[in-house]
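A.B. asks:
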Amino acid sequence: MRFRPCIDLHDGAVKQIVGGTLSDNDASLETNFEADRPSEWFASRYRNDRLEGGHIIQLGPGNEAAARAALGAWPGGMQVGGGINLENAVSWLEAGASHVIVTSWVFEDDHIRTDRLEALRGAIGRERLVLDLSCRKRGDQYLVATNRWQTFTEEAVTHELLDLLAEYCDEFLVHAVDVEGLASGIDGELVALLGSWDGLPITYAGGIHDETDIAQIEAAGNDRIDFTVGSALDLFGGTGFRYEDLAKRFARG
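Mind the numbering: the sequence shown is residues 0 to 252 in numbering that gives the first Met the number 0, read in order.
1) Which residue from Ala88, Ser97, Thr145, Phe249 puts its Cα closest to that of Phe106?
2) Just the Cα atoms here: how many angstroms apart are Gly198 and Leu85?
3) Measure the beta-carbon distance from Val156 to Tyr141 and round it to whole angstroms, keeping in mind my assumption that it falls under 8 Å.
4) Does DSSP classify Val105 as helix, strand or coil?
5) In the DSSP assignment, find the unbroken beta strand (DSSP E) run with Asp131 in it and report its ends.
6) Identify the residues that DSSP records as bridge partners of Tyr141: which are they?
7) Can you tell me the Cβ-Cβ gap for Ile56 and Gly80, rounded? I've got them flagged as a contact below 8 Å.
8) Restricting to Cα atoms, I'd like to know which of Thr150, Thr227, Ala64, Glu179 is closest to Gly206.
9) Take Ala204 as the anchor and find which of Gly187, Arg127, Val13 has the nearest alpha-carbon.
10) By how many angstroms is the C-alpha of Met77 removed from the C-alpha of Pro37?
11) With H, G and I counted as helix, E and B as strand and the rest as coil, what does DSSP make of Gln57?
12) From the DSSP output, read off the bridge partner residues of Ile6.
13) With C-beta atoms as the reference, is Arg275 less than 8 Å away from Asp169?
14) Relative to the C-alpha of Ile16, which candidate in Thr102, Gly229, Gly239, Gln215 has its C-alpha closest?
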């Protein structure tokens, strides 16, 4: 299990947002935290604390400069997602991303486009690609959500889907969108589903609020699931965790 740090960008600023409120209508947006420091400050902090494999997520337009600044502060140390496609993936890797994170571009008419996955794998190699399967529950299924998590696809997160997509990527990133940004507890059912699959590394995000959640992820995830902490972290104005404690516990090397 690893702690994967994050930098969530909205309108060029580092923020923590309630995931289910993201939309084209900013009036509905619920923001838990907005940093007074630039994105590169956070990336430099993660670099100094040897926390590799974190992610930078661009939540909508207007974030490219901030994302590139963060990558420049730690070349090869973080992944980047948000608006990634075949045309720009290489440029993001050249800007310093260790991996690109892709969701919406590989879906069309609410289904996966394997031809696009094949093209992307051919362009950058599966070892540089992370697939974001962030999802929302509908009925008894976790359906992948695209377009800033507002559009339900017809693709359910299952072992069969993970097996299929593992041929194209190096890792998976999964936000539990319904609890994202609430710091009120994880989606234990989703963690158990992910942890019972024996395959590629998976990073879980969503709802983590204290040490009991990390223990639950470790147990239900069979020690296969990495995690990220957002709104509960003191670095982002939270009270559930001290960043320094997590950094000391999970630093690499």
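The C-beta atom is built at its ideal place from N, Cα and C for all residues, glycine as well.
C.D. replies: Looking at the coordinates:
1) In the sequence shown, counting from the first residue as 1, residue 106 sits at position 107. The closest CA to that of Phe106, considering only Ala88, Ser97, Thr145, Phe249, is found on Thr145.
2) The residue given as residue 198 occupies position 199 in the sequence shown. The residue given as residue 85 occupies position 86 in the sequence shown. For Gly198 and Leu85, the distance between alpha carbons rounds to 25 Å.
3) Your numbering for residue 156 matches position 157 in the sequence shown. Your numbering for residue 141 matches position 142 in the sequence shown. For Val156 against Tyr141, the beta-carbon gap comes to about 4 Å, under 8 Å, which counts as contact.
4) Within the sequence shown, residue 105 is the residue found at index 106, counting from 1. DSSP places Val105 in the helix class (H, G or I) of the three-state scheme.
5) The residue labelled residue 131 in the question sits at position 132 within the sequence shown. Residues 128 to 131.
6) Against the sequence shown, residue 141 aligns to sequence position 142. As a beta-bridge residue in DSSP terms, Tyr141 pairs with Lys136.
7) Counting from one through the sequence shown, the residue named residue 56 turns up at place 57. Counting from one through the sequence shown, the residue named residue 80 turns up at place 81. Ile56 to Gly80, Cβ: 5 Å. Contact.
8) Numbered from its first residue, the sequence shown carries residue 206 at position 207. Gly206 has its Cα closest to that of Glu179, out of Thr150, Thr227, Ala64, Glu179.
9) Within the sequence shown, numbered from 1, the residue matching residue 204 stands at position 205. Its Cα nearest to that of Ala204, the residue Gly187 stands out among Gly187, Arg127, Val13.
10) Numbered from its first residue, the sequence shown carries residue 37 at position 38. Numbered from its first residue, the sequence shown carries residue 77 at position 78. C-alpha separation (whole angstroms): 16 Å.
11) Locating residue 57 in the sequence shown gives position 58, counting from the first residue. Three-state DSSP puts Gln57 in a strand.
12) For this step, residue 6 is matched to residue 7 along the sequence shown. Beta-bridge pairing by DSSP links Ile6 to Ile55.
13) Only positions 0 to 252 of the chain appear in the structure, and residue 275 is not among them; the question remains open.
14) Translated into the one-based positions of the sequence shown, residue 16 becomes position 17. Comparing C-alpha distances from Ile16 to each of Thr102, Gly229, Gly239, Gln215 shows the shortest one belongs to Gly229.
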